[in-house]
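For the sequence shown, the working numbering begins at 49 and goes up steadily by one. Everything on this sheet refers to the single structure shown next.
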Amino acid sequence: MAEVKGAGTVLQDEWKAEGVLNAIDRQFADLMLQLDGGSSPELWLAAALASHVVQKGNVCLDLKSAAGKPWQEEDSAATLICPPCDVWLASLQGTKPVGRPGEFKPLILDGSGRLYLHRYWRYERILVEFFRSRIRAPDPEVDLALLRSGLDRLFPGYGGEQPDYQRVAALAAVCKTLAVIAGGPGTGKTSTVVKILALLLEQARDLRLRIALAAPTGKAAARLRESVKKAKREMPCPAGILDLIPEEVSTLHRLLGWIPHSTRFRFDQSNPLPFEAVVVDEASMIDLPLMAKLARALPAQCRLILLGDRDQLASVQPGAVFGDICGAGELPGWSMDFARLVEKGSGEHLMCGPAPGSTAGLQNSIVTLQKNYRFGEGSGIAAVSRLVNAGEGENALEAASGGRYTDIAWLDLPPPAQLEQALEAVILECYSPYLETSAPEAVFESFNRFRILCAVRRGPFGVLAVNQAVMNILERAGLIEPRERWFHGQPVLITVNDYQQKLFNGDVGIVLAAARDPAADAPRRVYFPAEGGGFRKLLPMRLPEHEIVYAMTVHKSQGSEFDRVLLILPPVPSPVLTRELIYTGITRASRRVGIWGSRPVFVEAAVRRTERTSGLRDALWP
């Protein structure tokens, strides 16, 4: 590590010279100095870091936490000291670019020492006011006898010692205009929300109830669509009710009406969405700006139902909104009034208690599903993910590697030179079937049963290296011809949004040769699942930015589910290796998961939590 530089006042040229900050950060800081008409190095540094932390997923810069401490980036050898807190805060107060909450200035400094870029402060305030308004609003009128009858029919025979939290969640969603349903994979979030829609339609009787279903990505939308169709087939409801439950699921961008070459949407506060209920799945993936824009577009009486897993990775963009909404992670203490409502409307008995500090009533809108219907008591996936989630790295490693479970296995990471040899058996077993299949439906079904997930993109065990290793293995086996620019069976991952082509970041397509699809009129087409079923066929040259996707990052896998997953971790610690990443990677598998890694790195990662700085949690749970 380079010698620590700076003592007391930070000199901006030191930070520029050491490459700690990128060009955008530095230019923004230079502009703030110009607006101020001074030469304050403390203002320059605060502005540069406020810009910098947003690119790292934070909403704001916590000056009090950073003050007087070294600031070091993982890709920089330089370590520089931030100014003392009192010096830093005093130097910012009264400068022209820095304002207090409510002022229209480029930077906003709140009373807790958090420094925001103005637009992110504004997004945060939009959400705070949205949730407060929902809690203050009167609850919808509900026929409790009809609701109780519907709950008994749709959620029969639970018989557990704990309350049936699916019933509680359903009641909350019917009786409130805001419902947050949290839970891990297999806890029945989707099946619960389909039953909620049936209950809402029963309550509406002859009135029209317009319902929208949405998800952050096309991939997550497709999964929700299939889950809704499956749940409807198994639900004891009159055909008239089932027919009214929508099956179309859109991305949030499509729902809100994206305007080309703009950060705005067609639907907003002045032109609200035309729905009485909006359901959003995979809400943990939604960043702060998008959640704020969704909140602004909802009519006052429209129900919002958010589904998500608060233990998953947060959004790639700034914010950890779903986690902030859910609070610190423990079960909330419901109010006595809500507990009485739940008992009267569902027969469930809640343990209520004080929830000091919560925004009055917010705890009554949050229900965490507890029972797992996917994994049995002997599931290694369930056991290891639970231990990782609790930060018990040593116990999680022992459970994964001890041979007790048949659905999870550990392998010490092979040397980089032996990666292809180590991968060969599993690649030929899992990827050969889709390459030997002809019908597009069967190709996608087979391909989506397995995926390799990596923690990082670069390095000998990153996405790029692993994808190349897989192609080498398949080429030697005569299954692909990668020397062709577009070869049959080539899987592609879209990496940018292209609204004109209706392709979105995270969408996966597969190149199929005309000989395998007689209906095709070109030698090669890239097939993508269509929203209404079937496939879209695009010429390869029409694709936006994309990459091979035999392996993908854990971040890109959010919203997906595979029968089998191979999770490959790098051999050295990294800030991206956190318990949320490992938990997310493991829980993408429904039947079997293999983990390749270094034991010390795994244990360290399971202990480290992802921390994102914002003021939303403090505002909602003061």
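Where a beta carbon is used, it is the ideal one built from N, C-alpha and C, also for glycine.
For VAL649, does the count of other Cβ atoms within 10 angstroms reach 16, so buried, or fall short, so exposed? As a position in the sequence shown, residue 649 is number 601, starting the count at 1. That one is buried.
Can you tell me the Cα-Cα spacing of PRO320 and ILE293, whole angstroms? As a working mapping, residue 320 is identified with position 272 in the sequence shown. As a working mapping, residue 293 is identified with position 245 in the sequence shown. Spanning the two alpha carbons is a distance of roughly 22 angstroms.
Could you give the DSSP three-state label for ALA667: helix, strand or coil? Within the sequence shown, the letter at position 619 stands for residue 667. Three-state DSSP puts ALA667 in a helix.
Please state if the CB of LEU560 and the CB of VAL6 are separated by a distance shorter than 8 angstroms. Outside the displayed range of the chain (49 to 670) lies residue 6, so it cannot be described from this structure.
If we count the other Cβ atoms within 10 Å of its Cβ and call it buried at 16 or more, is GLN103 buried or exposed? Residue numbering aside, residue 103 sits at position 55 when the sequence shown is read from its first letter. By the neighbour-count rule (16 or more Cβ atoms within 10 Å), GLN103 is not buried but exposed.
Can the beta-carbon of GLY234 be found less than 8 angstroms from the beta-carbon of TYR421? Position 186 of the sequence shown, counting from 1, holds the residue named residue 234. Position 373 of the sequence shown, counting from 1, holds the residue named residue 421. In contact: GLY234 and TYR421 (Cβ atoms closer than 8 angstroms).
Using only the alpha-carbon positions, how far apart do GLY381 and GLN411 sit? The residue given as residue 381 occupies position 333 in the sequence shown. The residue given as residue 411 occupies position 363 in the sequence shown. Each residue's Cα considered, the two are about 7 angstroms apart.
Return helix, strand or coil for VAL613, following the three-state DSSP convention. Numbered from 1 along the sequence shown, position 565 holds the residue referred to as residue 613. Note: VAL613 maps to strand in three-state DSSP.
Do you know offhand how far PRO89's Cα is from GLY142's? The residue given as residue 89 occupies position 41 in the sequence shown. The residue given as residue 142 occupies position 94 in the sequence shown. So the two alpha carbons sit approximately 15 angstroms from each other.
To the nearest angstrom, report how far apart LEU614 and THR225 are at their CA atoms. Residue mapping note: residue 614 aligns to position 566 of the sequence shown, counting from 1. Residue mapping note: residue 225 aligns to position 177 of the sequence shown, counting from 1. The alpha-carbon atoms of LEU614 and THR225 are separated by roughly 41 angstroms.
How many Å lie between GLU652 and GLU440 at the Cα? Walking along the sequence shown from the start, residue 652 turns up at place 604. Walking along the sequence shown from the start, residue 440 turns up at place 392. Whole-angstrom Cα-Cα distance: 10 angstroms.
Between ARG660 and GLY367, how many whole angstroms is the CB-CB distance? I'm expecting something under 8 angstroms. Here residue 660 refers to the residue found at position 612 when the sequence shown is read from its first residue. Here residue 367 refers to the residue found at position 319 when the sequence shown is read from its first residue. Yes, they are in contact, since the Cβ atoms of ARG660 and GLY367 sit about 7 angstroms apart, within 8 angstroms.
Runs of beta strand (DSSP E) lying entirely within the stretch 295-378, each at least 3 residues, in chain order: 297-299, 325-328, 351-356
Please name the residue or residues paired with GLU595 in a DSSP beta bridge. Counted from its first residue, the sequence shown places residue 595 at position 547. Answer by DSSP bridge pairing, in chain order: LEU541.
On the CB-based measure, 16 or more other CB atoms within 10 Å of its CB, does PRO571 come out buried or exposed? Translated into the one-based positions of the sequence shown, residue 571 becomes position 523. Counting Cβ neighbours within 10 Å, PRO571 comes out exposed, since fewer than 16 surround it.
Touching by the beta-carbon criterion (3+ pairs, under 8 angstroms), the stretch 615-628 and the stretch 522-530: no
Quick one, which of PHE576, LEU109, MET399 has its alpha-carbon nearest GLU209's? Taking the first residue of the sequence shown as 1, we reach residue 209 at position 161. When only C-alpha atoms are compared, the closest one is MET399.
Just how far apart, CA to CA, sit LEU459 and ILE373? In the sequence shown, counting from the first residue as 1, residue 459 sits at position 411. In the sequence shown, counting from the first residue as 1, residue 373 sits at position 325. When rounded, the distance between both Cα atoms is 37 angstroms.
Sort out for me which residues DSSP pairs ILE174 with in a bridge. Walking along the sequence shown from the start, residue 174 turns up at place 126. According to DSSP, ILE174 bridges with nothing at all.
Between which two residues does the beta strand (DSSP E) harbouring ALA561 extend? As a position in the sequence shown, residue 561 is number 513, starting the count at 1. First-last of the beta strand (DSSP E) with ALA561: 556-561.
Would you mind working out which of GLY663, GLN466, ASN520, ASP546 sits nearest PRO508, comparing C-alpha positions? Residue numbering aside, residue 508 sits at position 460 when the sequence shown is read from its first letter. Out of GLY663, GLN466, ASN520, ASP546, GLN466 has the C-alpha closest to the C-alpha of PRO508.
Please check the pair ARG344 and ASP316, which I expect to be a contact at CB under 8 angstroms, by giving their CB distance rounded to whole angstroms. In the sequence shown, residue 344 corresponds to position 296, counting from 1. In the sequence shown, residue 316 corresponds to position 268, counting from 1. Confirmed, about 5 angstroms.
In the DSSP output, which residue or residues are listed as bridge partners for SER168? For the purposes of this step, residue 168 is taken as the residue at position 120 of the sequence shown. Correcting the residue identity first, residue 168 is Tyr in this sequence and not Ser. None, per the DSSP bridge assignment.
How should GLY424 be labelled, buried or exposed, when 16 other C-beta atoms within 10 angstroms of its C-beta is the threshold for buried? Translated into positions along the sequence shown, residue 424 becomes position 376. Exposed is the call here.
Which one or two residues does DSSP pair with TRP458 in a beta bridge? Along the sequence shown, read from residue 1 onward, the residue named residue 458 stands at position 410. Answer is ILE643.
Our contact map puts MET242 next to VAL222 with C-beta atoms below 8 angstroms; I'd like the distance itself, whole angstroms only. Within the sequence shown, the letter at position 194 stands for residue 242. Within the sequence shown, the letter at position 174 stands for residue 222. It is worth fixing the name first, because residue 242 is Val in this sequence and not Met. Not confirmed; about 13 angstroms, so no contact.
Write down every uninterrupted run of the beta strand (DSSP E) in the stretch 409-437 whose length is 3 residues or greater and which is fully enclosed by it, in chain order. 414-416
To which residues of the same chain is PRO488 closer than 7 angstroms at the C-beta, ignoring the five residues directly before and after it? Sequence index remark: in the sequence shown, residue 488 carries index 440 (1-based). When the five nearest sequence neighbours on each side are left out, the beta carbons in the same chain lying within less than 7 angstroms of the beta carbon of PRO488 are those of LEU560, ASP565, TYR575, PHE583, in order along the chain.
SER318 classed as buried or exposed, judged by whether at least 16 other C-beta atoms fall within 10 angstroms: Start at 1 with the first residue of the sequence shown, and residue 318 comes out as number 270. Flag for SER318 reads exposed.
Pair within 8 angstroms by beta-carbon distance, ALA287 and GLU330: Looking up residue 287 in the sequence shown gives position 239. Looking up residue 330 in the sequence shown gives position 282. No, the pair does not count as a contact, with Cβ atoms beyond the cut-off.
Do the stretch 466-477 and the stretch 427-439 make contact, defined as three or more Cβ pairs closer than 8 angstroms? no
What's the C-alpha gap between ALA599 and ARG499? Position 551 of the sequence shown, counted from the start, is the residue given in the question as residue 599. Position 451 of the sequence shown, counted from the start, is the residue given in the question as residue 499. The straight-line gap from Cα to Cα measures roughly 6 angstroms.
Run through DSSP, which three-state label would PHE552 get? Along the sequence shown, read from residue 1 onward, the residue named residue 552 stands at position 504. DSSP places PHE552 in coil when its eight states are reduced to three.
Going by the CB atoms, is the gap between ALA438 and ASP357 shorter than 8 angstroms? If you number the sequence shown from 1, residue 357 lands on position 309. If you number the sequence shown from 1, residue 438 lands on position 390. In this structure, ALA438 does not lie closer than 8 angstroms to ASP357 by Cβ.
Could you have a look at MET283 and say whether DSSP puts it in helix, strand or coil? Walking along the sequence shown from the start, residue 283 turns up at place 235. Residue state, collapsed to three classes: coil.
Have a look at GLN251 and LEU195 and give me their C-alpha separation to the nearest angstrom. The residue you call residue 251 lines up with position 203 of the sequence shown. The residue you call residue 195 lines up with position 147 of the sequence shown. Take the alpha-carbon of GLN251 and the one of LEU195: they are about 8 angstroms apart.
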